[in-house]
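A.B. asks:
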Amino acid sequence: MLSFEMNDRKKIGIGLTGFGVLFFFLGVIFLFDKGLLAMGNILFLAGVMLTIGMKSTAQFFMKQSHYKGSIAFVVGFFVVLVGWPVIGMIMEVYGFIVLFSGFWPTVLIFLQRIPVLCWLLQQPFLSSLFGYRQRRVPV
Numbered sequence: 750m751l752s753f754e755m756n757d758r759k760k761i762g763i764g765l766t767g768f769g770v771l772f773f774f775l776g777v778i779f780l781f782d783k784g785l786l787a788m789g790n791i792l793f794l795a796g797v798m799l800t801i802g803m804k805s806t807a808q809f810f811m812k813q814s815h816y817k818g819s820i821a822f823v824v825g826f827f828v829v830l831v832g833w834p835v836i837g838m839i840m841e842v843y844g845f846i847v848l849f850s851g852f853w854p855t856v857l858i859f860l861q862r863i864p865v866l867c868w869l870l871q872q873p874f875l876s877s878l879f880g881y882r883q884r885r886v887p888v
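If you read the sequence shown in my numbering, its first letter stands for residue 750, the second for the next number, and so on.
(1) Does the contact criterion of 3 or more C-beta pairs under 8 Å hold for the segment 827 to 844 versus the segment 777 to 792?
(2) If you reduce the DSSP assignment to three classes, tell me which class Q813 lands in.
(3) Counting only the same chain and skipping the five closest in sequence on each side, list residues whose C-beta sits under 8 Å from that of M750.
(4) How many whole angstroms separate the CB atoms of G769 and G796, which I take to be in contact at a CB cut-off of 8 Å?
(5) From G851 to H815, what distance separates their C-alpha atoms?
Right, dumping it as structure tokens:
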């Protein structure tokens, strides 16, 4: 059963996910430092597991439609650990895009509700790039 209440486990999970994104960003800024990238990956995955639960995380990564993205993400993670951070990051980003491709329309709708970004996203060059014309996605 899905629970939308914010308990301590979910708060810690959101914090770990945030620190994972921070370490990931710092790893890219510091010219693909493999230590920071590895810490970012570990913290991000641990945060996701704590936020949505072990069973939901395993089900998400093991869906048949997500196999390609899951494999690319895991292989990229190990390539970063081996010592080839640029190649590993390319694989991880590809896996991340494939895994979360179903969420992009929802993210665009969320971004359209932010005042400054709404104006930017309505510009003709960006609206043609994203391919949306005020359509709604059921959430």
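The C-beta atom is built at its ideal place from N, Cα and C for all residues, glycine as well.
C.D. replies: Short version:
(1) yes
(2) Indexing the sequence shown from 1 puts residue 813 at position 64. Q813 falls in the helix class under three-state DSSP.
(3) Within the sequence shown, the letter at position 1 stands for residue 750. Note that M750 has pLDDT 49, beneath the 50 cutoff, so the model's placement of it is unreliable and no number is given.
(4) For the purposes of this step, residue 769 is taken as the residue at position 20 of the sequence shown. For the purposes of this step, residue 796 is taken as the residue at position 47 of the sequence shown. Rounded, the Cβ-Cβ distance is 6 Å, consistent with contact.
(5) Residue mapping note: residue 851 aligns to position 102 of the sequence shown, counting from 1. Residue mapping note: residue 815 aligns to position 66 of the sequence shown, counting from 1. One C-alpha to the other measures close to 10 Å.
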